[in-house]
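Residue 360 in the working numbering is what sits at position 341 of the sequence shown, and the numbering runs on without skipping anything.
Just so it is clear, CB atoms sit at the ideal spot from N, CA and C, and this is done for glycine as well.
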Amino acid sequence: MLGRFSRSYIKIDGIFADDTRLLIKLIIGLALFSEEIGDQQREDENNELEAQRSYDRALKLCAIIWLDRGFQNEIQQLPTTCLECEWNGSLKLYQKHRDQNHQQFTNCSICNEQVAQSNLHRHYLDEIHQEILSTFSLICTSNNSNLNHSQIQGTISNLLNSTKVRNNDIQRINRELNSHQYAISVMAQQWSSFKTIVQEINDHIYGIEINRNLLYQQFLILKENVEDAQATSFDGTLTWKITNFQEKRMDAISERKISIYSPSFYSSQTDYKMCLQLCLNGDTNTQGTHMSLFLVLMQDNHNTIFHWPFKFNVTFTLLNQLSSNNNQSISFWFNTTSSCFQHSTTDINIVDGTSTFLSLDLFEKNQNQYVQNDTMFIKVEIDFQAEKPSKLSILKHI
Ligand SMILES: [Zn+2]
Ligand SMILES: [Zn+2]
């Protein structure tokens, strides 16, 4: 800092007013003088303690001006040339240039530690340096005549040894700190790979969960198929168990799925294959007013050829699960008089039944009798033996 002052000494002339200039020059002069005295005390008198005091005084004088921000800024901008090389630039950058290019080390005369020239002042404030210095001055100022030269040397050497031990401790602690930091970084890496593994396991479990759900859905479908197969009859009758009734009804009301089909059944082992078609919220003619139920004659490759015209009586019954005397039944002759049916040779299905199987009002009123545990039963019976009456199609309620 003093070096900077002395270099900018001449340049101050161009910047400040006369009185200020004079004052600044005076203070700088005093600071430089204190520094010179300090040098003398250190080198000629070998009195480090007094030398330090002189340096402190010089620095305090500098601080008087240095604390003034305006002055500081102007001084910092002054163009400067390096005394040791050809560098030039602002005073502000000069110290940095010196630190980077002309750093010099010196051994502290008190504690013998190697210190960069620019850090010397900070080093003087260091705890260990201060401790040695105060012990040293205590010994020097002591009037105890019992202390001889070798005792003083012994004390100093003890002090230096304890400093060495402390330095060793600091180095050991630093080494331990480094190894702990390394262990922490290893643990952090392990933790991150552990997290990755956990994530992979979670993904795997999620995949298994999806597969399990898919398998369960397939199982339900298979179960339904098996139940349907078990329910398949070959005598022209079928009791159709309609599970998940409410869901199927909502599907019909929302028109997501207007009709559902029963498992197929047969009139005999080698005869017609049939099933029921149920519209829980009515067909196109009775939407929202009735349930509609139809018998579907299924034409497929395994079926025998239809014999025209058909002659059989069909009875649909909605089972009352609380009282079997109150079943809802409807009976009719399967209508084969239509020319369309009689001349059908294609593989389309043939359907006949009733759009008005059951009034929805009636159903709502007695729903708890027809639907138990979300399940409804419809029975169909086909009578191949019955004699068809002369009227072509008769609907009658039993
Ligand atoms: Zn330089
Ligand atoms: Zn020192």
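Residue 114 beta carbon less than 8 Å from that of residue 136: As a working mapping, residue 136 is identified with position 117 in the sequence shown. As a working mapping, residue 114 is identified with position 95 in the sequence shown. Going by C-beta atoms, residue 136 is not nearer than 8 Å to residue 114.
Nearest by alpha-carbon distance to residue 297: which of 125, 176, 370, 52 is it? Counting from 1 along the sequence shown, the entry for residue 297 is found at position 278. Taking only the C-alpha atoms, the option nearest residue 297 is 370.
So the candidates are 272, 283, 56, 140; which of them puts its Cα closest to the Cα of residue 314? Position 295 of the sequence shown, counting from 1, holds the residue named residue 314. The shortest C-alpha separation from residue 314 is found at 283.
Assign residue 267 to buried or exposed, taking buried as 16 or more other Cβ atoms, counted over all protein chains shown, within 10 Å of its Cβ. To locate residue 267, count along the sequence shown from 1; it is residue 248. With 16 or more Cβ atoms within 10 Å of its Cβ, residue 267 is classed as buried.
Span of the alpha helix (DSSP H) around residue 351: Residue mapping note: residue 351 aligns to position 332 of the sequence shown, counting from 1. Note, residue 351: premise wrong, no alpha helix (DSSP H); beta strand (DSSP E) at 347 to 352.
For residue 394, name the three-state secondary structure that DSSP assigns. On the sequence shown, position 375 is the one that residue 394 refers to. It is a strand residue.
Below 6 Å CB to CB, which residues in the same chain sit around residue 68 once its five sequence neighbours on both sides are set aside? Start at 1 with the first residue of the sequence shown, and residue 68 comes out as number 49. Counting only Cβ-Cβ distances below 6 Å, and skipping sequence neighbours, we find 156.
Just to confirm my understanding: we take residue 302, look at its own chain, exclude 5 residues before and 5 after, and list those with CB closer than 6 Å. What are they? Walking along the sequence shown from the start, residue 302 turns up at place 283. Excluding residues within five positions, the ones whose Cβ falls inside 6 Å are 311, 374.
With distance defined between alpha-carbon atoms, name the residue in 209, 57, 334, 392 nearest to residue 73. Indexing the sequence shown from 1 puts residue 73 at position 54. It is 57.
Would you kindly check if the distance between the Cβ of residue 335 and the Cβ of residue 353 is under 8 Å? Your numbering for residue 353 matches position 334 in the sequence shown. Your numbering for residue 335 matches position 316 in the sequence shown. Cβ atoms of residue 353 and residue 335: not closer than 8 Å.
Quick check: the stretch 335 to 349 against the stretch 380 to 398, are at least 3 beta-carbon pairs closer than 8 Å? yes
DSSP on residue 382, reduced to helix/strand/coil? Counted from its first residue, the sequence shown places residue 382 at position 363. Here residue 382 sits in helix by DSSP.
Helix or strand or just coil, what does DSSP make of residue 273? What you label residue 273 is simply residue 254 of the sequence shown in a count that begins at 1. Here residue 273 sits in coil by DSSP.
With the cut-off set at 8 Å, would you say residue 349 and residue 382 are in Cβ contact? By 1-based counting over the sequence shown, the position of residue 349 is 330. By 1-based counting over the sequence shown, the position of residue 382 is 363. Result no, Cβ atoms of residue 349 and residue 382 do not sit closer than 8 Å.
Verify whether the separation of the beta carbon atoms of residue 272 and residue 300 is less than 8 Å. Taking the sequence shown and counting its residues from 1, one reaches residue 272 at position 253. Taking the sequence shown and counting its residues from 1, one reaches residue 300 at position 281. Yes, the pair counts as a contact, with Cβ atoms nearer than the cut-off.
In DSSP terms, what residue 317 is bridged to: Indexing the sequence shown from 1 puts residue 317 at position 298. Answer is 292.
In this structure, how does DSSP classify residue 251 when only helix, strand and coil are distinguished? Residue numbering aside, residue 251 sits at position 232 when the sequence shown is read from its first letter. In the structure shown, residue 251 sits in coil (DSSP, three-state: anything other than H, G, I, E or B).
With a threshold of 7 Å on Cβ separation, who are the neighbours of residue 70 within its own chain once the five nearest residues in sequence on each side are excluded? Within the sequence shown, numbered from 1, the residue matching residue 70 stands at position 51. The answer, listed in chain order, is 57, 60, 61.
Give every residue of the same chain whose Cβ lies closer than 6 Å to the Cβ of residue 345, excluding the five residues on either side of it in the sequence, and list them in chain order. Within the sequence shown, numbered from 1, the residue matching residue 345 stands at position 326. Same-chain partners within the cutoff: 339.
For review: beta carbons within less than 7 Å of any heavy atom in ligand 1: 101, 103, 104, 106, 116, 117, 120, 121
Separation of residue 227 from residue 280, as counted between CA atoms: Along the sequence shown, one-based indexing puts residue 280 at 261. Along the sequence shown, one-based indexing puts residue 227 at 208. Distance between the alpha carbons of residue 280 and residue 227: 33 Å.
Alpha-carbon to alpha-carbon, residue 55 and residue 129: In the sequence shown, counting from the first residue as 1, residue 129 sits at position 110. In the sequence shown, counting from the first residue as 1, residue 55 sits at position 36. Distance between the alpha carbons of residue 129 and residue 55 is about 20 Å.
Residue 403 to residue 244, Cα distance in whole Å? In the sequence shown, residue 403 corresponds to position 384, counting from 1. In the sequence shown, residue 244 corresponds to position 225, counting from 1. In a straight line, the C-alpha of residue 403 is about 28 Å away from that of residue 244.
Run the CB neighbour count on residue 104, radius 10 Å, all protein chains shown included, and call it buried at 16 or more, exposed below. Position 85 of the sequence shown, counting from 1, holds the residue named residue 104. Result: exposed.
Kindly indicate which three-state DSSP category residue 121 falls into: helix, strand or coil? Here residue 121 is taken as the residue at index 102 of the sequence shown, counted from 1. In this structure, residue 121 counts as coil in the three-state DSSP scheme.
Can you name, in chain order, every residue of its own chain whose Cβ lies under 7 Å from the Cβ of residue 148, other than the five neighbours on each side? Here residue 148 corresponds to residue number 129 of the sequence shown, with the count starting at 1. Same-chain partners within the cutoff: 127, 129, 130, 142.
Work out the CA separation of residue 250 and residue 260 for me, nearest whole Å. If you number the sequence shown from 1, residue 260 lands on position 241. If you number the sequence shown from 1, residue 250 lands on position 231. Going from the Cα of residue 260 to the Cα of residue 250 covers about 9 Å.
Are the beta-carbon atoms belonging to residue 99 and residue 109 less than 8 Å from one another? Here residue 99 refers to the residue found at position 80 of the sequence shown. Here residue 109 refers to the residue found at position 90 of the sequence shown. Yes, the pair counts as a contact, with Cβ atoms nearer than the cut-off.
Residues with a Cβ closer than 6 Å to any heavy atom of ligand 2, in chain order? 127, 129, 130, 132, 142, 148
Residue 365 to residue 384, Cα distance in whole Å? Sequence index remark: in the sequence shown, residue 365 carries index 346 (1-based). Sequence index remark: in the sequence shown, residue 384 carries index 365 (1-based). Residue confidence is low: residue 365 scores 48 on pLDDT, short of 50, so the model does not pin down where it sits. No coordinate-derived value is stated.
Go ahead and pull the three-state DSSP assignment for residue 132. One-based indexing of the sequence shown puts residue 132 at position 113. In this structure, residue 132 counts as coil in the three-state DSSP scheme.
Taking the CB atoms as reference points, tell me whether residue 316 and residue 291 lie closer together than 8 Å. Reading the sequence shown from its first residue, position 297 is the one you call residue 316. Reading the sequence shown from its first residue, position 272 is the one you call residue 291. Yes; because the gap between Cβ atoms is below 8 Å, this pair is in contact.
Presumed contact (8 Å Cβ cut-off) between residue 418 and residue 125, rounded CB distance: In the structure displayed, the chain extends from 20 to 417; residue 418 sits before or after that span and is not available.
Assuming the contact rule is C-beta atoms closer than 8 Å, residue 80 and residue 49 should be a hit. Round their C-beta distance to whole Å, please. Locating residue 80 in the sequence shown gives position 61, where the first residue counts as 1. Locating residue 49 in the sequence shown gives position 30, where the first residue counts as 1. About 5 Å; that satisfies the 8 Å criterion.
Measuring CA to CA, which of 210, 262, 144 is closest to residue 418? The question about residue 418 has no answer, for the chain in this structure spans 20 to 417.
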